[in-house]
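FYI, in this note's numbering the residues of the sequence shown are 4 to 135.
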Amino acid sequence: MQITDKDGGLAVELRSPKGDFPVYQSSSGDRTYWNEVIDFTASGDNTIHTPASGKKFYVESLVFSIGASGEVQLKSGTTKISGPMNLAAYGGIAIDHADTMLRGRAVDNAFILTVSNAATLDVGGYALGYDE
Numbered sequence: 004m005q006i007t008d009k010d011g012g013l014a015v016e017l018r019s020p021k022g023d024f025p026v027y028q029s030s031s032g033d034r035t036y037w038n039e040v041i042d043f044t045a046s047g048d049n050t051i052h053t054p055a056s057g058k059k060f061y062v063e064s065l066v067f068s069i070g071a072s073g074e075v076q077l078k079s080g081t082t083k084i085s086g087p088m089n090l091a092a093y094g095g096i097a098i099d100h101a102d103t104m105l106r107g108r109a110v111d112n113a114f115i116l117t118v119s120n121a122a123t124l125d126v127g128g129y130a131l132g133y134d135e
């Protein structure tokens, strides 16, 4: 493992046992990590995270449950990231290591969870990720 200073941030590189190629690389130079609480009761568009100006969001983990049956959809601003997903009452979604798919489609787009349901909602969970 090699840890170096890269552009004012920490860079980590793990190499194969023989050292001939990197197997994992990470840099925190331009990344801002975030952790958002999901806690709302309103139908419609609910903003989970708004990235820093000029950045895109990347969601690494997403966990939430819904207290009443409903339809949920993930968005980057107004652009759909997922199709509508139907959840039964007390159903939920857990996604880990999703930053290649769950990402902002354009800079300055907020990460939005849209919920459609006529009944009273109780949506709770968390989202972890970074802006870059």
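Quick reminder that beta carbons are idealized off the backbone N, C-alpha and C, glycines included.
Check, Outcome
"Between the CA atoms of Ala130 and Ser85 - distance to the nearest angstrom", "16 angstroms"
"Exposure of Asn38, with buried meaning 16 or more beta-carbon neighbours within 10 Å", "exposed"
"Alpha-carbon spacing of Ala92 relative to Gly70, whole angstroms", "5 angstroms"
"With 16 other Cβ atoms within 10 Å as the buried cut-off, status of Ser119", "exposed"
"Beta-carbon gap between Lys78 and Val110 smaller than 8 angstroms", "no"
"Ile115 in three-state terms, based on DSSP", "strand"
"Distance CB(Asp99)-CB(Ser64) smaller than 8 angstroms", "yes"
"Span separating the alpha-carbon of Ile51 from that of Arg108", "15 angstroms"
"Simplified DSSP state of Thr53, which is helix, strand or coil", "coil"
"Residue range of the unbroken beta strand (DSSP E) whose run includes Thr35", "Thr35 to Phe43"
"Distance between Arg34 and Ser46 (C-alpha atoms, nearest Å)", "31 angstroms"
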